Every structure is written in C-alpha cells, then in structure tokens.
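All residue numbers for the sequence shown refer to the numbering used here, where the first residue is 8 and numbers rise by one.
Yeah, the Cβ is synthetic: ideal placement off N, Cα and C, and Gly gets one too.
Here the structure is a predicted model, which is why all the values come from computation and not from measurement.
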Amino acid sequence: MAMTESKLEAWLDETRSFAPSPEFAQQANAQPSIYDEANADPVAWWRKEADRLTWTTAPTHSLDWDLPNAKWFSDGTLNASYNCVDRHVEAGKGDKVAYHWIGDAEGESRTITYAELKKMVARTANALTELGVKSGDRVAVYMPMIPEAVVAMLAIVRLGAVHSVVFAGFSADALSSRILDSDCQFVVTADGAFRRGTASPLKPAVDEALESCPNVKAVLVVRRTGGDVDWVEGRDHWWHTLVDRQSDQHAYESFPSEHTMFIMYTSGTTAKPKGIFHTTGGYLTQCATTHHYIFDVKPETDVCWTAADIGWVTGHSYIVYGPLVNGVTQVMYEGLPDSGGKDRWWRIIEQNKVTILYTAPTTIRTLMKWGPQYPDGNDLSSLRLLGTVGEPINPQAWMWYREHIGGNRCPIVDTWWQTETGAIMITPLPGITSTKPGAAMTPFPGIGVDVVDNDGNSVGNGEGGYLVITNPWPAMTRGIYGDPERFQETYWSRFPGKYFAGDGAKRDEDGDLWLLGRIDDVMNISGHRLSTTEVEHALVGHPAVAEAAVVGAFDETTGQAIVAFVTLKLTADDAAKDQVLVIEELRTHVAKVISPIARPRQIILTPDLPKTRSGKIMRRLLRDVAENRQLGDVTTLTDPTVVNMISELMGTESTSED
Ligand code: PRX
8 MAMTESKLEA
18 WLDETRSFAP
28 SPEFAQQANA
38 QPSIYDEANA
48 DPVAWWRKEA
58 DRLTWTTAPT
68 HSLDWDLPNA
78 KWFSDGTLNA
88 SYNCVDRHVE
98 AGKGDKVAYH
108 WIGDAEGESR
118 TITYAELKKM
128 VARTANALTE
138 LGVKSGDRVA
148 VYMPMIPEAV
158 VAMLAIVRLG
168 AVHSVVFAGF
178 SADALSSRIL
188 DSDCQFVVTA
198 DGAFRRGTAS
208 PLKPAVDEAL
218 ESCPNVKAVL
228 VVRRTGGDVD
238 WVEGRDHWWH
248 TLVDRQSDQH
258 AYESFPSEHT
268 MFIMYTSGTT
278 AKPKGIFHTT
288 GGYLTQCATT
298 HHYIFDVKPE
308 TDVCWTAADI
318 GWVTGHSYIV
328 YGPLVNGVTQ
338 VMYEGLPDSG
348 GKDRWWRIIE
358 QNKVTILYTA
368 PTTIRTLMKW
378 GPQYPDGNDL
388 SSLRLLGTVG
398 EPINPQAWMW
408 YREHIGGNRC
418 PIVDTWWQTE
428 TGAIMITPLP
438 GITSTKPGAA
448 MTPFPGIGVD
458 VVDNDGNSVG
468 NGEGGYLVIT
478 NPWPAMTRGI
488 YGDPERFQET
498 YWSRFPGKYF
508 AGDGAKRDED
518 GDLWLLGRID
528 DVMNISGHRL
538 STTEVEHALV
548 GHPAVAEAAV
558 VGAFDETTGQ
568 AIVAFVTLKL
578 TADDAAKDQV
588 LVIEELRTHV
598 AKVISPIARP
608 RQIILTPDLP
618 KTRSGKIMRR
628 LLRDVAENRQ
638 LGDVTTLTDP
648 TVVNMISELM
658 GTESTSED
C-alpha cells in the first residue's frame, strides 16, 4: 500500500458525513431510482443512455463480451466530432459559447461559440486531409492548453483518425517513444507555450524527437509564442497558413461504434508506458452520461471548469468529449494557478460565473497552503458543485475545499477512475449520496465494483483489499495498443474474470468505498502516474550510475514524491565531484529524459542497495526508510546491515525540493 496504517487511521474519519440539501436534491439530474434502474439491467440501462448521442445508424446490439474483449453498441455508426459540435449548431445553439478560453497572461482571452468551433474543426479536418491524414492513421498532438489543441483532437476523430495526445511537459525522448510505439505519421504542435508569463519552446522537442521517427510525414505548427523555430521544408506547416485558407465546411463520414478514437499513454509497472486505446460509441456514452449525472449539468445555465490538462485523460473526457457531447459552456485555462497572482483562479471563477469546478487534490492542497485570504477575497457564489480526481483526497483538504471554495453549500464529488476506465467509475451522486470527506463512496449506476482479498473473495464492511471491477463498462479501454497479451496479463489475470485496477480500497462500516492509493510500483506524483522502473531506467541511463532503486514516499502536497537510492560507478571524476553536484545532475537528468514531473525530490547516494539472496532489490524496505518507518522483515536480505547504513545516510542527506 502507498501509505502506512497509522497514516491511514489519521486520514479516515468515517463518522462525518454531509447529507445533500433538499433544494439540490429536488432539482438534481440524478434521482434515487437511478441505482435500481441501472443495476437491475446495466447493459439495457447503458443502451438507453447511449441515446444521448446522435447515431447515424442506431445500435440494435448492446454488448458482446468475450473477456477481456468488449464491444459496445457494435452495429451502431456515428461521428464523434459531429456529436460534439455540428449537432448543437443544427439544433439552433450555434451562438452558445463552447469555450471561454483564458490565457496565461492577464487579459488574454478568446470566446468560441459552437458555430465558430464547427468552422475551426472543419478547416482543420480539411487541412489534415490535405496533409494526407486518413481514417485509422495515428496523429500525435503535443500542445499547450490552447483552443487549437481541442480543435485538432476533434478534427482528427472527425476523419476517423486516432489521436495520441502527449502531455506537453514530456521530454523529446518521451515524445519519440510514444510516436514510435503507435507509429504516428503526423504531429500537431505549437512553437511554444506560456507559463507564468514566460514563453517556453515546444517545437525544438518535436524536432529532436523526430530525429528518431522517420515515418513522420508532416508536422502542423500553431504559432503561439512567436519565438524563432527551426523549419524542415516539406515536413513542417504553419497552422495559420494551411488551416486558415481551408473551407469552413466539411462533410463528415460515420464510423462503427468500435472504431478506435484515441490512444493515451500511461505508466505501468515496467519502464515502457502503455498505449491505452479507446473506441468511439461506448466511450462517448459513458463520458456524456457521467458528466450529466455526476456534475449535474444544466447545459442552459452552467459554466463548467475542469482545471486539468488535455494531455491527460481527465482533459480528454471532461474538457473535450463529455462536456461537448452535452453541449455545455466551459472555461479552458492555459496558465498555472498562480499565473498573475495567487488569486487568479478565484478571479476566473468570479469573472466567468463558473458553476462547476473539477480539479485534483494536489492543487487543492497547494491552494490551501497559500491561504484562505485568496478565495475569500472573491465572490465565488456562482459555484454550485465541486469535484476532485486523480488521487485520494485527505479529509483536511476536502473540508477546506468545502468551506472556502464551496461556501459549505456545494456538494463535493470525489471521483475515482483511470486512463483505462475512460470515464468516472466510483463517485457520490449529488443530491443523492451523503458524502464523507475522503471517500469516493459508491460505484456509478451500472458499474460493478468489489473489494477483494488475496484470493479474490469479497471483503466485509470495515475491511480493506484490492479494488476490482466485476462487469464490462462502455468506456473501458479496448486494450494496450499493439500488445493484447500485456493487456490480459496486467488487468485480467490477477483475479480471473475481474478487472484488476491496481488500487487498494476499503469498505467502511457502512459499506462505503475509500480509495487507498496504488498497490503496485506505480507512483502518483501530484496526480501524475509514473512507474518506479521508468525513473530507474532514466537514472541508470546516466553514465555515472551503476544501480538505482526508486520508491514513492508520502508527501504532504504532492501526495507522493520520488525518492531514489543510487549507487555510482565511481570514476575518479565522480569521486572528485561534490555529492550535492552529482545529485543535482542526476535530478536534472531524470527531468530531461522523462519530464520535470519525474524529477526526484530526493536522491540518496549509497554504496549498496538492499537485495534478497536472489538479487531482487527490496523496495518495500526502501519505502520504509523513505517514509521514516520502522523497518519490516530484513531476514531475507543478503546483507541486513545495508538498510541501516541507508537509513543513516538518509538522515544526513538534505532534501532538495523545487
Ligand atoms: O490510483 C488511482 C488514482 O489515479 C490512478 C489513475 O491514474 P490516471 O490513469 O492517470 O488517471 C487519473 C485521472 C482519472 C488510479 O489508479 N486515482 C484517480 N482518482 C482517484 C484516485 N485515487 C483515489 N481517489 C480518486 N478519486
């Protein structure tokens, strides 16, 4: 488990709960009968919910299930982009705002209506066609948080092509390995991005990545910062030249429900990220349905703000697809929470009358650290619902969110899900569920969840175990791109017949669900998934490193932080170097190879690592050391004195934090 029992005890306060207000309950999209209806026949219920979409051919067939392969609504056909954009314009809602886009810099904003979005998507689809993009092709998107990122995604799926959005904070190496893994032949990017007023280049990372990707034929580049860029004639195309001269009309084609829509890479327990892929009809159905009930959206009046990046699955499902299928107005923000001041978020909410805010616990903890004077100084009375996602939320942060942001009036939905699940799976329903600070509470209607022991038997109330999903669901991943065996092995083998999520969970005395963090070698750093092996690989790729072991240790703000134990190949050069310099060099090296989010909080240089007699590094013990705990069983170690030595080193090592 990612945290100790004692810390857990301190976290869990199962007695406190908040009942929904009668006013909210009365007008809520979800009424209590939803659970009985959905759970009586989940497949039929999802089929009914699939009518939220406009199908070119309505499906008559709901589910084919041949574990682990699911097909939802397989004889239906549709176009994802038409469902997100055109149909709202056809319904007379062209003047409705789709996005209030707010730039990193104060005062920079764009308002994009559904009619404008339709034209932008049509032009981009025509431009991509001119570049040669066809149905089934993979297109990498490496973009800052600007409207063109959403437009590119919609244009790609409009053509039946497959987007693979790579978070713009990832390095050139990470980008090239993702491009190669799914053989993307096109890239959409920007010259750079703005962060707290500073322009940082993106195009050079693409140029570097493409040195090892010979199959990439074309790169479409948005001018965002206006910085100088290198240009490869014939390969690189400016967005403003190619896209802007296209027709704003584009006739769409319909694709089968199971047509692949996108790939999203996420960390597993090995060094190689997994290309999780999703298909169309089931994914869109669950995104729209969860968005409708969980966020209780009223498209006529709500302004939704999912404060995430489109480089992660939260951005895909709740900035792009769910909200657009539902035809709501959103805020999309480019900057950091403190771009232009620590009250920036609250000013955005006040100025745009945001009604629904969805963010991650790590951000809430950061905002909390800055102090209540920032939110308290703004009028947040437009807010009516708050959501959280990405990691377990500690009750203190939950209470702060409720009091200072939600004015003790907004329901909070703590939503558990994963890149693999595509959409929310466990959550309270506002207006129905009495919420407990720190608990995700109940499976969404139509979703089967269990907590099981080592042998796969359900645990009783008051007990903990492994989280599993017992039935197929519409937005479930259809697999790991190009690796069906790894899909079967990772998710469907630990407990036969059940999906193994990799998370620990507990049912409290009332049977409500508490998520306890990852139980495998996946770390959760500020809501970002990274594997220990990925970081170890990056470290041993440095010429000075002989061996490395990485663990995720508890961190008050980021949830977990990376602690690395490293043995050096001591050359005369290294020996002469100051230890602090070596550590700094290694931290920078990891940031460069993977991403700044992977920069270890702490690196301990040690002459040896604790190993079993069969040569396996005992990460469990290193986690104990990193979290300053009593050491577990050391009897299987070849040399039990090694851990004591490391503990001492740890005590003398200074922690360097950014
Ligand atoms: O450990 C769980 C944690 O995030 C993991 C999924 O990460 P990712 O695929 O990057 O998707 C994040 C956004 C959906 C899960 O295995 N996690 C996500 N939401 C919660 C959570 N842990 C506890 N509570 C949550 N609400």
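Bounds of the alpha helix (DSSP H) holding Lys599 are Gln586 to Val600. Ala568 and Ala134 have their C-alpha atoms roughly 43 Å apart.
Following the DSSP letters along the chain, one finds Pro491 inside the alpha helix (DSSP H) bounded by residues Pro491 to Trp499. The C-beta of Asn415 has fewer than 16 other C-beta atoms within 10 Å across all chains shown, which makes the residue exposed.
With a cutoff of 7 Å on beta-carbon distance, Ala555 and Val547 are scored as near each other. Burial state of His68 is exposed, judged by a 10 Å Cβ sphere holding fewer than 16 other Cβ atoms. Apart from the 5 residues on each side of it in sequence, Ile653 sits with its Cβ closer than 6 Å to the Cβ of Thr613 and Val632 in its chain, given in chain order. Taking Asp528 as the centre and dropping the five residues before and after it, the same chain places the C-beta of Thr276, Ser538, Thr539, Thr540 and Arg626 closer than 8 Å to its C-beta, in chain order. Measuring C-alpha to C-alpha distances from Val92 to each of Val335, Val558 and Trp377 identifies Val335 as the nearest. Boundaries for Glu410: no alpha helix (DSSP H) harbours it, and the DSSP string shows neither H nor E there. Taking all protein chains shown into account, Thr118 has fewer than 16 neighbouring C-beta atoms within 10 Å of its C-beta and is therefore exposed.
Contact check for Gly524 against Pro399 passes: the beta carbons are separated by less than 7 Å.
One thing to note: His170 has its Cβ within 7 Å of the Cβ of Val148.
Judged by beta-carbon spacing, Arg203 lies beyond the 7 Å limit of Ser24, meaning their Cβ atoms are not closer than that value.
Assignment of Gln609 by DSSP, reduced to helix, strand and coil, places it in the strand class. Closest option to Gln425, judged by alpha-carbon separation, among Asp457, Ala482 and Gly455: Ala482. Listed as beta-bridge partners of Asn76 by DSSP are Asp73. In the displayed model, Trp377 falls within a helix according to three-state DSSP.
Leaving aside the five residues that flank Tyr272 on each side, the residues in its chain whose CB is nearer than 6 Å to its CB run, in chain order, Arg185, Pro280 and Gly282.
Per the C-alpha coordinates, the member of Thr292, Val140 and Leu85 positioned closest to Lys224 is Val140.
When C-beta atoms of the region 439 to 446 are compared with those of the region 390 to 405, three or more pairs fall below 8 Å, so the two segments count as touching.
As summarised for the region 201 to 272, the continuous beta strand (DSSP E) elements at least 3 residues long and confined to that stretch are 205 to 208, 225 to 229 and 243 to 245, given in chain order. At a cut-off of 6 Å, the beta-carbon of Ala447 counts as near ligand 1: some heavy atom of the ligand is closer than that. Between Gly429 and Phe269, the alpha-carbon positions lie close to 11 Å from each other.
Distances between the C-beta of Pro437 and the heavy atoms of ligand 1 are all 6 Å or more.
The Cβ-Cβ distance between Val466 and His107 does not fall below 7 Å.
Under the three-state reduction of DSSP output, Ser346 falls in the coil class, being neither helix nor strand. In the assembly as shown, Glu218 is an exposed residue. Its beta-carbon has fewer than 16 other beta-carbons within 10 Å.
Residue pairing from DSSP places Ala512 in a beta bridge opposite Gly472 and Leu522. Put simply, the region 122 to 136 touches the region 247 to 258. At least three CB pairs are less than 8 Å apart.
Contact between Ser389 and Thr370 is ruled out by a C-beta separation of about 19 Å, above the 8 Å threshold. In this structure, the beta-carbon distance from Asn90 to Val332 falls below 7 Å.
Environment of ligand 1, chain-ordered: Thr273, Trp319, Val320, Thr321, Thr395, Val396, Gly397, Glu398, Pro399, Ile400, Asp421, Thr422, Trp423, Trp424, Gln425, Thr426, Glu427, Ala447, Ala508, Gly509, Asp510, Leu522, Gly524, Arg525, Asn531, Gly534, His535 and Arg536, taking every residue with Cβ within less than 7 Å of a heavy atom. For the 7 Å CB-CB criterion, Phe502 and Gly455 do not form a contact. Taking 7 Å as the cut-off, the beta carbon of Ala37 is found closer than this to the beta carbon of Tyr300. Burial state of Pro450 is buried, judged by a 10 Å Cβ sphere holding 16 or more other Cβ atoms.
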